[in-house]
Amino acid sequence: MAELGQATRRRWGRPWMVPLVLALATSGWLLAVEGRQGLARDEAQYFRAGERYWGWFEALGDALRAGKPGQAFSRAVVDSFWGDNHEHPPLMKTLYGLSWRLFHRCDCTGPKRGLHPIAVHKHRTLPLFARESTAFRFPAILLAGLGVALVYGFARRWVGPWAAAGAAVLSVAQPHYFFHAQISCFDAPIAVMGLLVALAYWKSLRSPRWGVLCGVFYGLALATKHNAWLIPCFLLVHHLWMRRWDFLRLRPPRVPLAFVSMATLGPIVLFALWPWLWHAPLARTREWVQRHAQHEHYNFEYLGQNWNLPPPPAQTGRWLLRATFPFVSTAFTVPATTLALAAAGAVVLARRRRKNAASDEPPLVNPEPPEPGARASWLRPGADVDLAPGIFLAVQILGPLGTLALPSTPIFGGVKHFLTAMPFLAMVAGMGLAWVTRQAATLVRAARLRRALPAALAFVLCLPAVTETQRSHPDGVGHYNLLAGGFAGGASLGMNRQFWGYSVLPLLPWMNAHRPASNRIYWHDVLHDAVMMYVRDDRVPVGIGDVGVGEPMVAQSDLGVVILEKHFAVYEYLHWDAYQTTRPAQVYAHEGVPFAVVYQRAAPPPRQEPLPP
Amino acid sequence: MRLSSLLDADSFRRHRLAYACAAGIVVLALIETANAWLAPLRAPTDRDWRALAAEVRAGFQPGDLIVAAPAWADPLLRMHLGDLIPIAVAGRLDAARFGRIWEISQRGARAGETAGGHIVQSSRHGALTLRRYERPAARVSFDFVAEWRRAAVSRVAADGQVSGCFRAPGSFECPELPARSLKPELLEIDTSPHLALTMLPTGQSTTVIEFDRVPLGRELAVGAGLHNVWLRKAGKGTVSLRVLVQSREFGRIEAGSMTGWTLRKFDTSTLAGQSASVRFEITVDDPNSRTLGFAAEARS
């Protein structure tokens, strides 16, 4: 029995075991619930693009079989596949397409054949998932699991295993993060990639091998989403602080390997992964940069106002109000206990060196002191100095939030725009958890009780975040925390409830049952690509109608969806006018807060087109 | 087992603040967890809504107003009672003309429309509270939107040349400015519904809308704003609505992208009981993407 216990302890003692379990548990949780999550507007475009990108690999295979591999690399062929959705880099979309190809349950040659963006044949697949959309989402879900494992690994450098595991759980148990972690978009993936680059940078401070890897990871981050542009800036701030004495002595150190690597390997990896750049790298990179540097300000509700233009500085009140957006949003969306733990962790970090100076118990299990006798070089730029984890984490958190605080920055995606800060916030919360545990341990005399404390407190302090996240599903972006008053409190505060038109999913069964004879359906913000994926997922019938987008289309419909965002009010009134009623036929609400409505014309005009079989 | 054998009292005395903070976080976690489990139970159920709707229907009288508090619950209210909320009521100028107001409230919220009323009926239906307020209603002697056909519409060019607009079945049409008709329409102004007279102002002329022999009361209420969230974003101009009674200017409303629905009440008590001409003059500095909507009522 004792041997069995020792063997179990040995297994758990392996450094990869806990992160592996955390990653699998996270991916399992996401896979278990993603089916209740409607298809997001952008996600539907990435389904389409991912499938197209896969189409290029099929074209490459065909060209190789024909003995003319060069054909697949011609500009016309490359652009015909990779030109789709070229405003975003391809890494995740390529993975989504590959995952779809491998894991969907193929009924591609039946009535759904025409719903694919590329020509399809009967596929031989490993049909892991009942829905095609799940197959697309699978890489994002796996990456979210990897993110949790990375948080554990990173946090483990500073805190014990239970606190690190707590940090890992808190990193995904955030309603808004959880929402983005299960869909095939780029926001959770870039948060994971940012974490990967930051981890590599941190290790590169004392290991040249990681300096090289930092550049490779940075290339992957660049190929994931344009948020990656800012990563080196945040890391640079830390580096300048860490080596501030060199600069003050006017003896600036050489540029560290990690930055050299990011500047060289990063673009090379990006270029290699993005065929759309191959034939015009400079012009198309410029186009990509300009697209996001001059991005339109889409509508977004914040504190009761609709924001769709940057407020000019002359409107001081509005300008200042807008600047509070990322901070207020964080305060209202991250579970309150996680915020309290993060505050405690911030105090621990702020007092870290003072505590070390006194011969008190160190607040961090591994403060990574300077190596005795080591000399700094561009290969090991942190060898002889304190690594300043507090500044490192502060910049990783406040950098993305500070960027979004600039009123000239669009805020239409809400928390997702600074989601990259959340894994680091969770790590600081993990330090807070370690501090609470240590306080409790100093108070408790009973040895058995003291041994149980780390696990018990990790459980108790992670429970609210997990419970809130479960409660929020599938409307994580409309969820607000205890401080804001939950869904209803957020709505009363005038905080954004949703975007991307995903919330139509619960209405689909009713819409199927009440599909008008004319088949004229107005889908509002539910993109046609999303409707087609609902068909492919067998959630709406083949041949379901779609009158198209735009205000005039409402009058041509007999059944219409309206996604309830503040700026979409006009679409409700168009339905009132066209259907001559203010009464929706169905409302989808979460905890009494409406998210989407369906209007039905009382007496549809005579059938004008036959229903497809 | 004694507590002192479990806990170190000396340590507690030395680090009270730290322990209090740590304990506070644990208590917060317990509260937050309990709230996450219990809060969904506080939301109104479909059964609550049905029971409440049945009571409203039993006591509803034509001309009553039904409102939700908080306003975000309005779609659910309309799903259950929308047949009692016609478009004209939903797109009202304001709530002054309603003497009986049904308020469906949750979480202690109060609807602004009930201000000045007293509760004559109240009941609870699960998480919902139904209250009927009564108050003296404004008597509308002339509704300019409903009576839009009685208007005379013209354009006055910068050089003073006047060109008349003719009345078509559903609108006034101005021959020299096609697609700039004047008509009553349900508009989205400040993301709220307003049944209003709508027009696209033109930069080269003043649009004049004149109503003759309007029976006036003690006040003339005028509301105005710019229609459509996309147009408000795209345009920059300010539309000016000048209000004249018997050729005397009573005031003006400036409508820009950020001004929302502006409601002004002009004192006409000196003319109460008389019939007078009421004239609205509309100008704009930059007509690009500007669609004005305005409504007005003469009231006692």
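Here the protein sequences come in this chain order: A and B.
Just so we're aligned: 335 in our numbering is position 335 of the first sequence, and the numbers increase by one with no gaps anywhere.
One rule links them: number in our numbering = place in the second sequence (from 1) + 1000.
Glycine residues also receive a C-beta, built at the ideal position from the N, C-alpha and C atoms.
Is it right to say residue i is buried, meaning 16 or more other beta carbons lie within 10 angstroms of its own, or is it exposed?
i       : result
A:A280  : exposed
A:R244  : exposed
A:R625  : Nothing can be reported for residue 625 of chain A: it is not among the residues displayed for chain A, which extend from 1 to 613.
A:W229  : exposed
A:S503  : buried
B:V1162 : exposed
A:R438  : buried
B:Q1061 : exposed
B:N1035 : buried
B:A1020 : exposed
A:E551  : exposed
B:F1166 : exposed
A:F179  : buried
By DSSP's criteria, residue i is part of a beta bridge. Which residues make up the other side?
i       : result
A:P594  : A:A589
B:V1153 : B:I1209
A:Y522  : A:G560
A:L240  : None, per the DSSP bridge assignment.
B:D1143 : B:E1297
A:Q600  : A:L559
A:Q290  : A:Q290 pairs with nothing; no bridge assigned.
B:V1284 : B:V1239
B:P1184 : B:L1197
B:I1066 : B:W1102
B:H1227 : B:I1189
B:G1164 : B:S1154
B:F1172 : B:R1167 and B:L1182
B:T1129 : B:S1105 and B:R1124
B:E1219 : B:D1267 and B:R1299
B:A1276 : B:V1214
A:L199  : Bridge partners of A:L199: none, in fact.
Need the endpoints of the beta strand (DSSP E) that residue i sits in, please.
i       : result
B:V1214 : S1205 to P1215
B:Q1121 : H1118 to H1125
A:T617  : Outside the shown range of chain A, which is 1 to 613, sits residue 617 of chain A, and nothing can be said about it.
A:Y230  : First, the amino acid is wrong: residue 230 of chain A is Leu here, not Tyr. From DSSP, A:L230 is part of no beta strand (DSSP E); its letter is neither H nor E.
With a threshold of 7 Å on Cβ separation, who are the neighbours of residue i within its own chain once the five nearest residues in sequence on each side are excluded?
i       : result
B:E1134 : G1099, R1100, G1117, H1118 and V1120
B:T1259 : G1225
B:W1148 : P1184 and L1197
A:M422  : S171, Q174, Y177 and A191
A:E43   : I183, S184 and C185
A:C214  : V197, A200, Y201, S204, A258, S261 and M262
A:R48   : D84, P117 and D529
Between residue i and the rest of its own chain, which residues show a CB-CB distance below 8 Å, the 5 nearest in sequence each way excluded?
i       : result
B:L1231 : S1289, R1290 and T1291
B:T1191 : V1229
A:A323  : A405, L406 and P407
Within its chain, find whatever has a CB closer than 6 Å to the CB of residue i; leave out the 5 residues flanking it on each side and keep chain order.
i      : result
A:Q597 : According to the sequence displayed, residue 597 of chain A carries Val and not Gln. Excluding residues within five positions, the ones whose Cβ falls inside 6 Å are V562, P584 and V587.
A:A578 : V554 and A555
A:R131 : D537
A:F325 : Y302 and I411
A:L222 : A228, G266 and L270
A:L309 : H297
A:G211 : S204, L257, A258 and S261
A:A357 : Low per-residue confidence applies at A:A357: pLDDT is 46, beneath 50, and the placement is therefore not dependable, though the value from the model is reported in the following sentence. Excluding positions up to five away in sequence, the list is empty.
A:A440 : L453
A:H473 : V33
Under the criterion of a Cβ to heavy atom distance below 7 Å, does residue i qualify as lining the ligand SAH?
i       : result
B:V1056 : With respect to small molecules bound, the structure shown includes none, and the ligand SAH cannot be examined in it.
Along the alpha helix (DSSP H) that carries residue i, what are the first and last residues, could you check?
i       : result
B:V1056 : D1046 to G1059
B:V1026 : R1016 to L1038
A:M511  : L508 to A513
A:T469  : A447 to S472
A:R48   : R41 to R65
A:D529  : H528 to R536
B:I1087 : I1087 to A1090
Task: Unbroken stretches of the beta strand (DSSP E), 3 residues or longer, contained in the stretch 300–344 of chain A - done: 300–302 and 305–307
TODO: Kindly provide the ranges of any beta strand (DSSP E) runs that are 3 or more residues long and lie completely inside the stretch 538–570 of chain A, ordered along the chain.
DONE: 559–563
Task: Segments assigned beta strand (DSSP E), at least 3 residues, entirely inside the stretch 1243–1274 of chain B - done: 1248–1255 and 1262–1267
- [ ] Jot down the residue ranges of each uninterrupted alpha helix (DSSP H) in the stretch 366–438 of chain A, minimum 4 residues, whole runs only, in chain order.
- [x] 389–405
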